[in-house]
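One structure is given below, encoded as structure tokens.
Residue numbers (this note's numbering): 249 to 651.
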């Protein structure tokens, strides 16, 4: 019934737009026989040329064309099939916190077949909390296998499993609270191998980070870190580091241009080595090469909070914020498509996709069986979307794409 209503809504919108367009053109034709010079109808003091009836009609026509063009992708990508089965909540919670999950921000499968989950210790923060932020689960049963990272993090935000099985975390931080503004590299058992940035200290000079939101590594080990969690903040950028943690470059700046970002929220790499950046506050995925050169931008995946790409170049994009003033018309949920063509194939609609007060899955990841996971912050849980055909596909989540 909902899909029929969606199709009817599209037809009604198209008819209204066409009717308005005909009305404008008809009025223009009636005036046309006796038209000499267009009559100015208002003057903009900021420009020398008056706005005319003719110019006004053209502007209206252009606006209607843009509205029709914009409405189609929104309706279409809100109405994709969903072959997955939702299970929520999923997974045995970590020890402490009264046996409950805190805000879950990310989950990814590793080459060891285990599922790694990042959550925020107690409610929505790890500051002065004893609970472990990293929880390791059996993806088949949800049973907790391990948990670690106590006392290290302030506001965990991003998670990445590299092709060697190392676990990377990004800690946005909480002001000057100890632990934040860093990216860390761990073994699968929680041994700390590397820290990029100075814990608790935000900075813009090489070697320091300001609100790192995520991290991803290329096949050669090069590290890419999106920074700047605040909308239109001073340091929306991607920082590039060598495999040993040596600073290479800052790429991008704050804004809406092709080489600009506003609070980049997540990052992934495809099999071609291209960077896919969740430029959330600009409602787009930005695609750059590894030197920070612009390639493309996509808006068909809605307002991206999380992005993940597997070895087949299947892309998974989590939209946790739409259906409000920031991105009206779009529903919250996880869209799955092709990183090669940009096509959206599936839409895993959130259970409250039209509730502006609720945030949907913010982080998104996949296990070695193809099951999709969403980290839900406000409802403080891990959701699982079971693949229609569950078969082992080891390597699918950590192949050449860098994930």
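Positions of the beta carbon are idealized from the N, C-alpha and C atoms, including for glycine.
On the three-pair Cβ rule with 8 Å, is the segment 430-448 touching the segment 410-419?
yes
Which of the three DSSP states, helix, strand or coil, is assigned to residue 618?
Mapped onto the chain shown, residue 618 falls at position 370. Coil.
Given a cut-off of 8 Å on the beta-carbon distance, is the pair residue 340 and residue 390 in contact?
Counted from its first residue, the chain shown places residue 340 at position 92. Counted from its first residue, the chain shown places residue 390 at position 142. It is a contact, given that the beta carbons lie within the stated cut-off.
Quick check on residue 567: does DSSP put it in helix, strand or coil?
Working through the chain shown from its first residue, we reach residue 567 at position 319. Strand, per DSSP.
Taking the straight line between their C-alpha atoms, what separation do you get for residue 596 and residue 531?
Translated into the one-based positions of the chain shown, residue 596 becomes position 348. Translated into the one-based positions of the chain shown, residue 531 becomes position 283. Taking the straight line joining both Cα atoms gives about 19 Å.
Residue from 381, 620, 411 whose Cα sits closest to the Cα of residue 466
As a working note, residue 466 is residue 218 in the chain shown. It is 411 whose Cα lies nearest to the Cα of residue 466.
Using only the alpha-carbon positions, how far apart do residue 558 and residue 536 sit?
In the chain shown, counting from the first residue as 1, residue 558 sits at position 310. In the chain shown, counting from the first residue as 1, residue 536 sits at position 288. Cα to Cα, residue 558 sits roughly 18 Å from residue 536.
Per-residue burial, residue 494 [other beta carbons within 10 Å of its own, 16 or more giving buried]:
Start at 1 with the first residue of the chain shown, and residue 494 comes out as number 246. Classification of residue 494: exposed, given that the 10 Å Cβ count is below 16.
Looking only at its own chain, which residues have a Cβ that is under 8 Å from the Cβ of residue 486, when we skip the five neighbours before and after it?
Along the chain shown, read from residue 1 onward, the residue named residue 486 stands at position 238. Result list for residue 486: 472, 473, 474, 475, 498, 499, 500, 509, 512, 515, 523, 525, 536, 540, in chain order.
On a Cα-Cα basis, can you pick out the residue from 457, 561, 620 that is closest to residue 489?
To locate residue 489, count along the chain shown from 1; it is residue 241. Measuring from the Cα of residue 489, the nearest candidate turns out to be 457.
Taking the beta strand (DSSP E) that residue 449 falls in, what are its first and last residues?
For the purposes of this step, residue 449 is taken as the residue at position 201 of the chain shown. No beta strand (DSSP E) holds residue 449; DSSP gives it neither H nor E.
What residue from 624, 481, 546, 619 has the CA that sits closest to residue 386's CA?
By one-based count along the chain shown, residue 386 stands at place 138. The shortest Cα separation from residue 386 among 624, 481, 546, 619 belongs to 619.
Residue range of the beta strand (DSSP E) that residue 547 falls in?
By 1-based counting over the chain shown, the position of residue 547 is 299. That residue, residue 547, is in no beta strand (DSSP E); it is neither H nor E in DSSP.
Best match in 545, 397, 464 for proximity to residue 521 [C-alpha to C-alpha]
Counting from one through the chain shown, the residue named residue 521 turns up at place 273. Nearest of 545, 397, 464 to residue 521, Cα basis: 464.
Selected residue, minimal CA-CA separation from residue 599, among 615, 593, 631:
Numbered from 1 along the chain shown, position 351 holds the residue referred to as residue 599. Considering only alpha carbons, the answer is 631.
When DSSP builds the beta bridges, which residues end up paired with residue 235?
Nothing about residue 235 can be reported from this structure: the residues present for the chain run from 249 to 651 only.
Check residue 322 in the structure and name its three-state DSSP category.
As a first step, residue 322 must be located in the chain shown, where it is residue number 74. It is helical.
Cβ-Cβ separation, residue 548 to residue 592 (assumed contact under 8 Å), whole Å:
Your numbering for residue 592 matches position 344 in the chain shown. Your numbering for residue 548 matches position 300 in the chain shown. The pair is a contact, with the Cβ atoms about 6 Å apart (cut-off 8 Å).
Start-to-end residues for the beta strand (DSSP E) that takes in residue 532
Within the chain shown, numbered from 1, the residue matching residue 532 stands at position 284. Element bounds for residue 532: 532-536.
Distance between beta carbons of residue 404 and residue 342, contact taken as under 8 Å
Residue 342 sits at position 94 when you count from the first residue of the chain shown. Residue 404 sits at position 156 when you count from the first residue of the chain shown. That pair is no contact at about 12 Å.
Of the choices 378, 371, 350, whose alpha-carbon is the least far from that of residue 365?
On the chain shown, position 117 is the one that residue 365 refers to. Considering only alpha carbons, the answer is 350.
Given a threshold of 16 other Cβ atoms within 10 Å of its Cβ, counted over all protein chains shown, does residue 333 qualify as buried or as exposed?
Walking along the chain shown from the start, residue 333 turns up at place 85. By the 10 Å Cβ count, residue 333 comes out exposed.
Considering Cα atoms alone, identify which of 337, 616, 556 is closest to residue 462.
Mapped onto the chain shown, residue 462 falls at position 214. Among 337, 616, 556, the Cα nearest to that of residue 462 belongs to 556.
Pull up the distance between the alpha-carbon of residue 635 and that of residue 331, whole angstroms please.
By one-based count along the chain shown, residue 635 stands at place 387. By one-based count along the chain shown, residue 331 stands at place 83. Near 7 Å, if we compare the C-alpha coordinates of residue 331 and residue 635.
Around the C-beta of residue 588, are 16 or more other C-beta atoms found within 10 angstroms, so that it is buried, or is it exposed?
Your numbering for residue 588 matches position 340 in the chain shown. Residue 588 is exposed by the Cβ-count criterion.
8 Å Cβ cutoff met for residue 426 and residue 402:
Residue 426 sits at position 178 when you count from the first residue of the chain shown. Residue 402 sits at position 154 when you count from the first residue of the chain shown. Yes, Cβ-Cβ distance for residue 426 and residue 402 is below 8 Å.
Pull up the DSSP beta-bridge partners for residue 580, would you.
Position 332 of the chain shown, counted from the first residue, corresponds to residue 580. None, per the DSSP bridge assignment.
Span of the beta strand (DSSP E) holding residue 432?
Translated into positions along the chain shown, residue 432 becomes position 184. Element bounds for residue 432: 430-434.
Would you mind sorting residue 543 into buried or exposed? The rule is 16 or more other CB atoms within 10 Å of its CB.
Walking along the chain shown from the start, residue 543 turns up at place 295. It counts as exposed.
Starting from the C-beta of residue 568, find all residues in its chain whose C-beta is less than 7 Å away, skip the five residues before and the five after it, and write them out in chain order.
Counting from one through the chain shown, the residue named residue 568 turns up at place 320. Correct list, in chain order: 553, 580, 607, 608, 609, 610.
Close Cβ partners of residue 322 (< 8 Å) along its chain, the five nearest in sequence each way excluded:
Your numbering for residue 322 matches position 74 in the chain shown. 577, 578.
If you follow the beta strand (DSSP E) that residue 487 is in, where does it begin and where does it stop?
To locate residue 487, count along the chain shown from 1; it is residue 239. 485-489 is the span of the beta strand (DSSP E), which, as asked, contains residue 487.
Reference residue 517, options 534, 507, 529, closest by Cα:
Within the chain shown, the letter at position 269 stands for residue 517. When each option's Cα is compared against that of residue 517, the closest is 534.
According to DSSP, what are the bridge partners of residue 364?
One-based indexing of the chain shown puts residue 364 at position 116. 356, 384.
Taking 8 Å as the limit between beta carbons, can you name the residues of its chain near residue 335, skipping five residues before and five after?
Within the chain shown, numbered from 1, the residue matching residue 335 stands at position 87. Cβ neighbours of residue 335 beyond the five flanking positions: 631, 632, 633, 634.
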